[in-house]
Amino acid sequence: LTKTRYPNLKRGPFSTLGDVDVQFFERLLPGTGRVLADASEIEGYNTDWLRTCRGCSELVLRPKTTEEVSAILNYCNTHNLAVVPQGGNTGLVGGSVPVFDEVVVSTQLLNQIISLDELSGSLVCQSGCVLGTLEDYIADYNLTIPLDLGAKGSCHIGGNIATNAGGVRLLRYGSLHGSILGLEAVLPNGEILDCMSTLRKDNTGYDLKQLFIGSEGTLGIVTAASVLCPQKPSAVSVAFLGCESFSKVLDIYKQAKGMLAEILSAYEFLDEASVAVNKENLKMTSPIGDFPFFVLIETSGSNGDHDEEKLNTFLEAMMSDGLVLDGTVVTESTKIKDIWSLRERVAEGLLHDGYCYKYDVSLPQAKFYDLVLDMRERLGSSVIRVVGYGHVGDGNLHLNMTSPTYSSEVMGNIEPFVYDWVSKYSGSISAEHGLGFKKRNFIYHSKSKSAVSLMQQIKKSIDPNGIMNPYKVLPEE
Ligand code: FAD
Ligand code: MLT
Ligand code: ZN
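Printed below as a string of structure tokens:
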């Protein structure tokens with residue numbers, strides 16, 4: 040416990056793990072690789088994707104069934120052991136790793152697909168299914184997952200639900216609050232909460248599943264879910280465009296909404312500094328020249344000729360109006376992937392600089408890029424770079440700064456400045472990544488006292504002993 044890297048934070052009044060506890064879990068989860076206690080084996084479970092948060096758990100449990108999860112939580116609750124649920128460990132706010140010595144319950148082996156109704160598109164699976172695996176599975180049935188993000192090769196659907204992940208398809212399919220038709224969760228006392236359903240419509244009482252979507256592991260462990268999967272679009276095109284200012288990025292968006300309308304499926308932007316990360320740190324190349332801003336537009340539909348005609352008419356208009364300076368359009372799947380990589384791999388590229396200060400905010404679109412400019416001016420040469428990219432269509436900016444190693448001076452210049460800035464424009468300090476460990480104490484910048492107080496009451500009534508993912512989401516008391 041003395042190994043904790045958070046000396047100013049007090050450990051909760053939880054028990055410490057003993058040999059008797061480990062023996063109980065070994066009996067509960069027989070077979071190899073289900074109870075990990077070896078320091079080298081569990082190191083990865085203690086460290087987050089950004090390598091900025093580290094815990095010192097001594098035990099990782101890998102259940103395969105809901106009943107096993109139930110027995111684990113029942114035991115932990117009775118014996119006052121704190122728990123952190125972990126999916127693919129791609130979370131970006133330190134929510135998926137222990138803060139002290141919490142027991143890690145990993146969903147890696149809860150990875151079975153349970154059923155698929157081809158007509159309605161409802162897919163029922165365990166929560167540890169990897170998002171990309173689900174996408175590959177349902178592609179054979181001409182269906183697609185309503186959620187896509189750069190971490191799809193590792194993140195789990197349960198982790199996506201727990202963080203209410205947004206990603207690059209939200210513009211088309213909306214948030215998981217609409218796409219998750221049902222779920223099953225194990226409550227902190229081990230009780231199994233059955234909110235499973237494959238129905239589109241069901242107004243019978245409070246919609247309890249919504250509480251777990253975005254709860255970041257603080258209310259229980261999601262063990263299975265039903266996902267509404269739309270028809271896979273048969274025609275997809277991607278345009279990568281260069282333009283001279285952020286206001287042009289917004290002008291093009293306005294035109295795209297009107298001229299591409301129902302076939303517009305994604306609208307993303309990157310600034311020049313973001314593309315430089317790809318080039319310098321990942322040795323990637325851009326299919327067009329250098330411009331201050333880049334726009335990635337995806338269209339998806341059922342008739343390639345129709346979509347192509349619409350996209351060409353749109354692009355001609357954008358070029359002749361001088362909104363777009365140069366661009367390329369691709370329709371072949373490997374080329375589409377390459378262009379999407381330019382957008383999706385910025386997060387990975389930034390890590391090559393050393394330490395990444397990551398912010399994920401919602402703002403009125405017109406104000407969006409001013410924050411990046413203000414931050415650049417404020418931090419000057421104290422950082423390697425300040426970059427802005429993100430989901431323009433959703434009003435969601437990703438603002439990132441890097442330095443060779445963590446600097447408390449740089450951090451002091453970023454926080455609380457960035458949160459005050461966002462709050463001033465009634466934005467959200469976390470658009471899609473959640474609050475986790477890193478951002479929980481800034482919750483009041485986006486939520487009222489009365490709302491936080493009700494959240495605390497809900498937490499207390501579901502998890503009276505506070506064993507589920509302590510030190511996360513809700514502010515320090
Ligand atoms: P983890 O990281 O393991 O956990 C995340 C949180 O959920 C933790 O608080 C954990 O305790 C909890 N949790 C996990 N599983 C369960 C469960 N079964 N039951 C209860 N609680 C659980 N996010 C976006 O919103 N949009 C993006 O576009 C996006 N892109 C990303 C790109 C990259 C390269 C990376 C690394 C991350 C990205 N993320 C994005 C952030 C991240 O939220 C998502 O990757 C994903 O939703 C996390 O899933 P996971 O399985 O890795 O969860
Ligand atoms: C993205 O959209 O690329 C992700 O949310 C990751 C990030 O913010 O860096
Ligand atoms: Zn994002």
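One rule links them: number in the UniProt record's numbering = place in the sequence shown (from 1) + 39. Positions of the beta carbon are idealized from the N, C-alpha and C atoms, including for glycine. Since the model is a prediction, treat every value here as computed from it, not as a measurement.
Give the range of the beta strand (DSSP E) segment to which residue i is assigned.
i: I468; result: Unbroken run through I468: none, as it is neither H nor E.
i: Y212; result: Careful: Y212 lies outside any beta strand (DSSP E), inside the alpha helix (DSSP H) at L209 to Y212.
i: Q165; result: S161 to Q165
i: T373; result: That residue, T373, is in no beta strand (DSSP E); its alpha helix (DSSP H) goes S372 to E383.
i: T367; result: D365 to V369
i: S154; result: I152 to D156
i: D145; result: It is Ser, not Asp, that sits at residue 145 in the sequence shown. That run of the beta strand (DSSP E) goes V142 to S145.
Going by DSSP, what residues sit across from residue i in a beta bridge?
i: N435; result: S401 and H430
i: M507; result: V122
i: A337; result: Contrary to the premise, residue 337 reads as Glu rather than Ala in this sequence. V277 and A305, per the DSSP bridge assignment.
i: E223; result: D233 and A263
i: V169; result: H195
i: D310; result: F332
i: R93; result: T86
i: T441; result: C395 and R424
i: Q270; result: L182
i: C282; result: F332
i: V74; result: L100
Leaving out five residues before and five after residue i in sequence, what residues of the same chain have Cβ atoms less than 8 Å from its Cβ?
i: L40; result: Confidence at L40 is low in this model, with a pLDDT of 45, below 50, so the placement of that residue should be treated as unreliable; the coordinate-derived value is given next. Result list for L40: R50, T55, C95, F139 and D140, in chain order.
i: Y464; result: L402, P403 and K406
i: N452; result: R417, L418 and S421
i: I497; result: L250 and L258
i: L232; result: E223, A224, V225, L226, L247 and G259
i: R479; result: Y510, K511, V512, L513, P514 and E515
Could you give the C-beta distance for residue i and residue j, rounded to a whole number, given that I count them as a contact under 8 Å?
i: F285; j: Y408; result: 4 Å
i: V61; j: A76; result: 6 Å
i: G388; j: I327; result: Rounded, the Cβ-Cβ distance is 18 Å, inconsistent with contact.
i: S193; j: T146; result: Not quite, the Cβ-Cβ distance comes to about 12 Å (not below 8 Å), so this is no contact.
i: I153; j: Q165; result: 7 Å
i: E283; j: A201; result: Wrong, their Cβ atoms sit about 40 Å apart, outside the cutoff.
i: N342; j: A274; result: 6 Å
i: residue 517; j: G229; result: Here the chain comprises residues numbered 40 to 516, so residue 517 is not present and cannot be evaluated.
i: E471; j: D399; result: 6 Å
i: K119; j: N504; result: The residue asked about is misnamed: residue 119 is Asn in this sequence, not Lys. Going by Cβ atoms, the distance from N119 to N504 rounds to 6 Å, so yes, they are a contact pair.
i: S276; j: T338; result: 5 Å
Whose C-beta lies closer than 6 Å to the C-beta of residue i among residues of the same chain, with five residues either side of it excluded?
i: S325; result: V314
i: V385; result: S313, V316 and Y428
i: G434; result: S401 and Q404
i: K287; result: L362
State yes or no: is the C-beta of residue i nearer than 7 Å to some heavy atom of the ligand MLT?
i: V385; result: yes
i: residue 522; result: The requested residue 522 is not part of the displayed model; the chain covers only 40 to 516.
i: D399; result: yes
i: G429; result: yes
i: H391; result: no
i: H345; result: no
Quick one: give me the first and last residue of the alpha helix (DSSP H) that residue i is part of.
i: V136; result: No alpha helix (DSSP H) contains V136, which DSSP labels as neither H nor E.
i: S489; result: K488 to I501
i: G198; result: I196 to T202
i: G419; result: Premise fails: G419 is in no alpha helix (DSSP H) and is neither H nor E.
i: W460; result: F456 to K463
i: M450; result: S447 to I453
i: D60; result: D58 to L67
i: residue 560; result: Missing from the structure shown is residue 560; the chain here goes from 40 to 516 and no further.
i: F251; result: K248 to F251
i: residue 563; result: Past the edges of the chain, shown from 40 to 516, lies residue 563, and the structure says nothing about it.
i: V108; result: T105 to T117
Leaving out the 5 sequence neighbours to the left and right, which residues in its chain are closer than 7 Å to residue i when beta-carbon positions are compared?
i: Y114; result: F63
i: D484; result: The amino acid at residue 484 is misidentified as Asp; the sequence shows His. Result list for H484: Y458, V461, S462 and I468, in chain order.
i: K296; result: L303
i: residue 7; result: Here the chain has residues from 40 to 516 only, and residue 7 is not among them.
i: E157; result: Y180
What do you reckon, is the C-beta of residue i under 7 Å from a heavy atom of the ligand FAD?
i: G83; result: no
i: V207; result: yes
i: N199; result: yes
i: I260; result: yes
i: T129; result: yes
i: C194; result: yes
i: V123; result: yes
i: S135; result: yes
i: G328; result: no
Does the Cβ of residue i lie closer than 7 Å to at least one heavy atom of the ligand ZN?
i: E471; result: yes
i: H118; result: no
i: G160; result: no
i: H216; result: no
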